[in-house]
Structures are given as C-alpha cells and as structure tokens.
Amino acid sequence: MTMILRSALVLVLLVGILSPASESLRFELQSGQTKCISEDMKSNSMTVGKYHVVKPNEDHPLPDSHKLTVKVTSSYGNNYHSAEKVESGQFAFTAAEQGDYMACFWVPEHSPQITVTVDFDWRTGVHAKDWTNVAKKGQVDAMELELKNLYDTVQSIHEEMFYLREREEEMQELNKATTSKMFWLSFLSLFLCLSVAGLQFWHLKSFFEKKKLI
Amino acid sequence: MEKIWGKTWALMGLLLLNSVFNVSSLSVTVNDVECVYEYVIYEGDTISGNFVVVDHDIFWGSDHPGIDFTVTSPGGNTVHSLKGTSGDKFEFKAPRSGMYKFCFHNPYSTPESVSFYIHIGHIPTEHDLAKDEHLDPINVKIAELREALESVTAEQKYLKARDTRHRHTNESTRKRVIGYAVGEYILLTLVSTLQVIYIRHLFSKSVAYNRV
Chain Z
1 MTMILRSALV LVLLVGILSP ASESLRFELQ SGQTKCISED MKSNSMTVGK YHVVKPNEDH
61 PLPDSHKLTV KVTSSYGNNY HSAEKVESGQ FAFTAAEQGD YMACFWVPEH SPQITVTVDF
121 DWRTGVHAKD WTNVAKKGQV DAMELELKNL YDTVQSIHEE MFYLREREEE MQELNKATTS
181 KMFWLSFLSL FLCLSVAGLQ FWHLKSFFEK KKLI
Chain W
1 MEKIWGKTWA LMGLLLLNSV FNVSSLSVTV NDVECVYEYV IYEGDTISGN FVVVDHDIFW
61 GSDHPGIDFT VTSPGGNTVH SLKGTSGDKF EFKAPRSGMY KFCFHNPYST PESVSFYIHI
121 GHIPTEHDLA KDEHLDPINV KIAELREALE SVTAEQKYLK ARDTRHRHTN ESTRKRVIGY
181 AVGEYILLTL VSTLQVIYIR HLFSKSVAYN RV
C-alpha cells in the first residue's frame, strides 16, 4: 500500500530529489529481538541518523507493541542517543573518537511474534551534510551545489586514502613485530629444550650416584 | 518523508535528477538470515555494492562454506546471488523499480559480522532530458561524474573492510602463536619433570628395588 502511494508521489513530483535523498535502509525486527548496526567513523566527523517504524496500517495509530527502543553507543561505551518506545526519531552528533559506533534497535516481547519493519537512514561524513541548508544560506544555484558536493566527496576520498595508508603501515609494523618475536621465541625454545634435557640428565646422574648404582 | 520532499521541491528551482541513494558501509551480525531492504525509484538504475565478512572473534577454517548473498527483486525473483564467499563486489542493473531485498545467509551456527555497502545510482537518460526542460546535458555529465566518484568510494570501503579483516587475522595469529609457544614450553617442562619423578619412583625402596 505504502509502496504504491510513495511511487505515485514520486511520479507527481517527478524530479527535484536532492542529493541527500530520503531513501534509506530497511530491516525487520521480531518481537524481543535486538538488531545492531555498526559503522566505523573517524574522529570529528558529523553523523546524522533518522529512524521510523514503517506502519502496517496507514490509518491506525501504532500499537505499543510496535514501538522501538533505540540506543546509539560508541565502542568505548559512551551513550550518544537513546529513546524508549518511540515510533520515530533522529539523532545527530559529532564523533568524538575514532571507532565503531553501534545503533541498536529493540522491540519488546509480544506473545504472537510480530515483525516490525524499521526504516533507518544513517549518514556520516560527506553525506551527512545538509545541502538544503547550504543552498538556503548561500543562494547558490543547483549546479554549483552539485559541484561543491562532488568536491567534498573528492576531499573525503583523498582523506580516506591517507587513512588506509596509515592502517596498512600499522599492520606492517605489527607483522614485523610478530616476525621478530617468533625469531626470538624459536631461540628460546631451543634453549629451553636443551636446558631441560641437561637438567634431567644431571639430576638423574646425581640420583643414581647417590644410590650407588653408577 | 513527504514533507521533506515538498520543502526541497519548493526551495530548489532547478531540478536535479542525479539522485544518490547511499548506505554507508554498515556492519550487521548474521546469525541465520539477515535481510536489508532498499527502494529503487527508477528502473534501469545500477545497483552496486560490496560486502566483506569480518571474522566474529572466531578464526575461519578453510573448510567454512562462507556466506550466501541473494538479491530479490520486488517481483520475487532472484536477481543476483553469490554463494559461499567471504566477501565480494556486485553490480547489476535493476530490471524494475520497487523494494529490493538484499539477504545474507549464514549456514553455520556461529554468528558472523558482515560489513556491507549498497549503492543505487541513477544517471538521467535522454528520456528524462526530454521530459524536463530544466535538465541540461551537463546534468548527465555531472551525474556520471558523481557515479564514478561513488564507485571509487565503494572500492575504498571494500578495501577498508578487507583491511580490517586482515588485521583481525593477523592479531589473532599473533596471539595464538605466542600462546601456543608458551604453552608448549610449560608442557615440555611439566612432562620432563614427570619423567624424572617417575624414574625416581621406579628406583625407590618401596617399589621392587632389585627389579632393576
């Protein structure tokens, strides 16, 4: 039902869908189930998230059993957003530290298992920028806006390449450290083996000498 | 949703058909089947993306079958499928508009984290150009440029995910190797001590002394 309505609206409006489009990711939640989506974010990057429950019936209000509980946390445990039993909501914050940020959705238990469809739109970095505001402020025309957007995208690609390079270097260091550790450990193992054998030999020799067998 | 569209429509005089539907590379834990839905507005849009299984604290043996990936069109038929893989890229043209279903299936019982990125790109065609007088041929070029940049971004996200998995493998290998080495030493020492104790026991007075 909603699909037909939406596509009808699309046809009527035809064009004018600005770059940060209102389309997003959808997934299903069973009652009592928790689903988490995590995203790796760099420090000081903007992020915007919008979520809402897709109504099975457009006319009737959403029953309590279909309401969501949302929690957005960083990998260090800091809570950035939480909402209980809501139908829709949004959050926006600047990532303080680099790492995995997790948005968890939970639907309360219900005796006949119900499936709730959640529509979630999470944008970070370049895509989080609100281009409508930029357009409003600067009174720039659409093409210039597009080109600005492309320029920002290119910048972010460049930065990402630097980041990937750094990570590759870190991994190389890690591998080198592991190799050198293995090198020393093999010497240690040889030494240990020989010393254990020597100790055994010395101990048994002195034992038998004590027992006057040798 | 419709309110936002109405506002942008009113705000922007010029119309841009180069819409970009993005899902940043997200991670989901797959226990059995995880499905994600994306709406494709225009028929003929290119759906591209990639996914990488980032090991979920468990080292994957070489006999792990991998994860299956299926894309179902709104009509119900499977448009694209990949079986038993630990990560791959995909790209295809959407045969029709509607809600597409992207499913990951994990045949094993251990949960696996999948990092995926799906992008639906639209480039205006001559048909759209003819329909709308505000649309320049330059908009087509800008849309193509945008799509090319998006493909670079997609590659980067794929590389980043693979690099993360590689790092996990390396760290786990390092831990396990050091653990096994230390365990080996302890075991060796223990066994040799037990040997010595046993030999001493054989020679003790309580056990048959004259036997030896």
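Line by line, the protein sequences are chains Z and W. Numbering-wise (UniProt numbering), the first sequence opens with residue 1 and increments by one. Numbering-wise (UniProt numbering), the second sequence opens with residue 1 and increments by one. Note that beta-carbon positions come from the ideal geometry of N, C-alpha and C, so glycine has one too. As the structure is a computational prediction, the values presented were derived from the model and not from experiment.
Separation of residue j from residue i, as counted between CA atoms
{"i": "residue 62 of chain Z", "j": "residue 68 of chain Z", "result": "11 angstroms"}
{"i": "residue 91 of chain Z", "j": "residue 143 of chain Z", "result": "29 angstroms"}
{"i": "residue 102 of chain W", "j": "residue 169 of chain Z", "result": "34 angstroms"}
{"i": "residue 178 of chain Z", "j": "residue 196 of chain Z", "result": "26 angstroms"}
{"i": "residue 193 of chain W", "j": "residue 203 of chain W", "result": "16 angstroms"}
{"i": "residue 118 of chain Z", "j": "residue 68 of chain W", "result": "23 angstroms"}
{"i": "residue 204 of chain Z", "j": "residue 191 of chain Z", "result": "20 angstroms"}
{"i": "residue 145 of chain W", "j": "residue 125 of chain W", "result": "14 angstroms"}
{"i": "residue 201 of chain Z", "j": "residue 170 of chain W", "result": "40 angstroms"}
{"i": "residue 137 of chain W", "j": "residue 175 of chain Z", "result": "51 angstroms"}
{"i": "residue 77 of chain Z", "j": "residue 191 of chain W", "result": "45 angstroms"}
Presumed contact (8 angstroms Cβ cut-off) between residue i and residue j, rounded CB distance
{"i": "residue 70 of chain W", "j": "residue 81 of chain W", "result": "5 angstroms"}
{"i": "residue 157 of chain Z", "j": "residue 149 of chain W", "result": "7 angstroms"}
{"i": "residue 24 of chain Z", "j": "residue 120 of chain Z", "result": "6 angstroms"}
Contacts that residue i makes with chain W (C-beta to C-beta distance below 8 angstroms)
{"i": "residue 114 of chain Z", "result": "Result: empty, since nearest Cβ-Cβ is about 17 angstroms, beyond 8 angstroms."}
{"i": "residue 178 of chain Z", "result": "170, 173, 174, 177"}
{"i": "residue 193 of chain Z", "result": "188"}
{"i": "residue 129 of chain Z", "result": "None at all; the shortest Cβ gap to chain W is about 12 angstroms."}
Contact set between residue i and chain W, taken where Cβ atoms lie within less than 9 angstroms
{"i": "residue 189 of chain Z", "result": "181, 184, 185, 188"}
{"i": "residue 165 of chain Z", "result": "Correct list: empty, because the minimum Cβ distance to chain W is about 10 angstroms."}
{"i": "residue 175 of chain Z", "result": "170, 174"}
{"i": "residue 207 of chain Z", "result": "196, 199, 200, 203"}
Residue i versus the options, residue with shortest Cα-Cα distance
{"i": "residue 100 of chain Z", "options": "W:171, W:128, W:203, W:113", "result": "W:113"}
{"i": "residue 73 of chain Z", "options": "Z:137, Z:37, Z:29", "result": "Z:37"}
{"i": "residue 213 of chain W", "options": "W:68, W:94, W:26", "result": "Since the first residue of chain W shown is 1 and the last is 212, residue 213 of chain W is not available in this structure."}
{"i": "residue 84 of chain Z", "options": "Z:70, Z:43, Z:47", "result": "Z:70"}
{"i": "residue 35 of chain W", "options": "W:142, W:105, W:154", "result": "W:105"}
{"i": "residue 79 of chain Z", "options": "Z:87, Z:96, Z:151", "result": "Z:96"}
{"i": "residue 107 of chain W", "options": "W:160, W:187, W:32", "result": "W:32"}
{"i": "residue 89 of chain Z", "options": "Z:81, Z:59, Z:50", "result": "Z:50"}
{"i": "residue 124 of chain Z", "options": "Z:60, Z:163, Z:41", "result": "Z:41"}
{"i": "residue 100 of chain W", "options": "W:135, W:52, W:41", "result": "W:41"}
Amino acids of chain Z, ordered along the chain, whose beta-carbon sits closer than 9 angstroms to that of residue i
{"i": "residue 201 of chain W", "result": "Per Cβ cutoff of 9 angstroms: no residues; residue 201 of chain W is ~11 angstroms from chain Z at best."}
{"i": "residue 28 of chain W", "result": "27, 35, 36, 37, 38"}
{"i": "residue 119 of chain W", "result": "Chain Z residues near residue 119 of chain W: none, gap ~11 angstroms exceeds 9 angstroms."}
Under the three-state DSSP convention, the category residue i falls into
{"i": "residue 98 of chain Z", "result": "coil"}
{"i": "residue 24 of chain W", "result": "Low local confidence applies: a pLDDT of 48 at residue 24 of chain W is under 50, so the model's placement there is unreliable, with the coordinate-based value given in what follows. Residue 24 of chain W: strand per DSSP, three-state reduction."}
{"i": "residue 207 of chain Z", "result": "helix"}
{"i": "residue 165 of chain Z", "result": "helix"}
{"i": "residue 82 of chain Z", "result": "strand"}
{"i": "residue 212 of chain Z", "result": "coil"}
{"i": "residue 30 of chain Z", "result": "strand"}
{"i": "residue 183 of chain W", "result": "helix"}
{"i": "residue 136 of chain Z", "result": "helix"}
{"i": "residue 50 of chain W", "result": "strand"}
Partner residues on chain Z for residue i, Cβ-Cβ distance less than 7 angstroms
{"i": "residue 160 of chain W", "result": "164"}
Partner residues on chain Z for residue i, Cβ-Cβ distance less than 8 angstroms
{"i": "residue 35 of chain W", "result": "27, 28"}
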